[in-house]
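A.B. asks: Read left to right, the sequence shown gives residues 32 to 252 (the numbering used here).
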Amino acid sequence: MVLLENVSKTFRVGRNEVRAIQNINLHVRQGEFLVVRGPSGSGKSTLLLTIGGMMRPTTGRVTVNNQEISAMNELERAQFRAKNIGFVFQMFHLIPYLNVLENVLLASGFERNAESRERARELLKNLGLSHREFHKPAELSAGEKQRTAIARALMNRPSILLADEPTGNLDPENAEEVIRHLHEFQREGGTVIVVTHGHSADQYANQIVSLRGGEIVENPS
Ligand code: ADP
Ligand code: MG
Numbered sequence: 032m033v034l035l036e037n038v039s040k041t042f043r044v045g046r047n048e049v050r051a052i053q054n055i056n057l058h059v060r061q062g063e064f065l066v067v068r069g070p071s072g073s074g075k076s077t078l079l080l081t082i083g084g085m086m087r088p089t090t091g092r093v094t095v096n097n098q099e100i101s102a103m104n105e106l107e108r109a110q111f112r113a114k115n116i117g118f119v120f121q122m123f124h125l126i127p128y129l130n131v132l133e134n135v136l137l138a139s140g141f142e143r144n145a146e147s148r149e150r151a152r153e154l155l156k157n158l159g160l161s162h163r164e165f166h167k168p169a170e171l172s173a174g175e176k177q178r179t180a181i182a183r184a185l186m187n188r189p190s191i192l193l194a195d196e197p198t199g200n201l202d203p204e205n206a207e208e209v210i211r212h213l214h215e216f217q218r219e220g221g222t223v224i225v226v227t228h229g230h231s232a233d234q235y236a237n238q239i240v241s242l243r244g245g246e247i248v249e250n251p252s
């Protein structure tokens, strides 16, 4: 579960203050699928990073899986993240000099035991990437790169998957496939929070929220 109570995040840039998100109240139950929309600069990435504990809110409370992550220090948040949360990004963020299998194993801290390796290979099989295990990211299509990133995000069996415009660099067919994999994770009990501009995720969404100027708006135009 994810609960945000009056969450705001303000950045100080020189003398200026940028209110990236303001007064956000949100409740996502375990197993739900939340779609986040909004124009560029409306606070979508800040919202996801705050939920994922990469960032501390300026004010308000963030509770994930009944733990108040907004009260944790950086090390506690990092440990919490590694156990509970998977991230998928628009730009994939794969390590270029590691192959696909190694990129996925990276999530488990390169545990070189047979069990981790089996898990990584099973994930890659489910994502249709068995034939790419020993390829480097540069040798993959964009869709294959994003599916590798999904395998990496799932490696540690997170309960929550956060995806920030995961289809932003994909053609419609690959975009749909990525959304289907997010839904597959949800069907197995996972919570999905995805920032996306397309509409292919709407059919799975329990909630759709739109951000404008850092705030949730009810009836976006
Ligand atoms: P979105 O993902 O919807 O494009 P962001 O969450 O990235 O929006 O940004 C929201 C606002 O906060 C923007 O005005 C952006 O410039 C500002 N912002 C985001 N991150 C930082 C940062 N680290 N320092 C200063 N301003 C930031
Ligand atoms: Mg963004």
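For every residue, glycine included, the Cβ atom is placed at its ideal position computed from N, Cα and C.
Let me check you understand the geometry: is the CB of V226 closer than 8 Å to at least one non-hydrogen atom of the ligand MG?
C.D. replies: Within the cutoff, so yes.
A.B. asks: Is it true that the CB of T227 sits closer than 9 Å to the CB of V67?
C.D. replies: Closer than 9 Å, so yes.
A.B. asks: Hey, would you say the C-beta of K75 is under 8 Å away from at least one heavy atom of the ligand MG?
C.D. replies: Answer for K75: yes, Cβ within range of the ligand MG.
A.B. asks: Sorted by chain position, which residues of the same chain lie with C-beta nearer than 6 Å to S241's C-beta, five sequence neighbours on each side aside?
C.D. replies: Hits under 6 Å: R68, G69, V248 and P251.
A.B. asks: Determine the extent of the beta strand (DSSP E) in which A51 is found, giving its start and end residues.
C.D. replies: Taken as a continuous stretch (DSSP letters only), the beta strand (DSSP E) holding A51 covers N47 to V59.
A.B. asks: Pick from G244, R243, G245 and E196: whose alpha carbon is nearest that of S231?
C.D. replies: If we check each option's Cα against that of S231, E196 comes out closest.
A.B. asks: Looking at Q61: is its Cβ nearer than 9 Å to the Cβ of M32?
C.D. replies: It is a contact, given that the beta carbons lie within the stated cut-off.
A.B. asks: Between the Cα of Q234 and those of F216, E246, R243 and I210, spot the shortest distance and give me the residue it belongs to.
C.D. replies: Looking at the Cα atoms, I210 is the closest of the given residues.
A.B. asks: Could you check where the beta strand (DSSP E) with K114 kicks off and where it finishes?
C.D. replies: Careful: K114 lies outside any beta strand (DSSP E), inside the alpha helix (DSSP H) at E105 to N115.
A.B. asks: Hey, would you say the C-beta of S71 is under 8 Å away from at least one heavy atom of the ligand MG?
C.D. replies: Under cutoff, so the answer is yes.
A.B. asks: So the candidates are V223, G229, R243 and I224; which of them puts its Cα closest to the Cα of A206?
C.D. replies: When each option's Cα is compared against that of A206, the closest is G229.
A.B. asks: Within 10 angstroms of its Cβ, does V245 collect 16 or more other Cβ (buried), or is it exposed?
C.D. replies: For clarity, residue 245 is Gly in the given sequence; the question names Val instead. The residue is buried, with at least 16 neighbouring Cβ atoms inside 10 Å.
A.B. asks: Check whether the Cβ atoms of V59 and L34 sit closer than 9 Å, and answer yes or no.
C.D. replies: Contact flag set, yes.
A.B. asks: Please identify the residue among T90, M86, I82 and T89 whose C-alpha is closest to the C-alpha of N97.
C.D. replies: Residue I82 is the option with its Cα nearest to N97.
A.B. asks: So, with DSSP's three-state summary, where would you put R188?
C.D. replies: Coil.
A.B. asks: Span of the alpha helix (DSSP H) holding Q217?
C.D. replies: That run of the alpha helix (DSSP H) goes P203 to R218.
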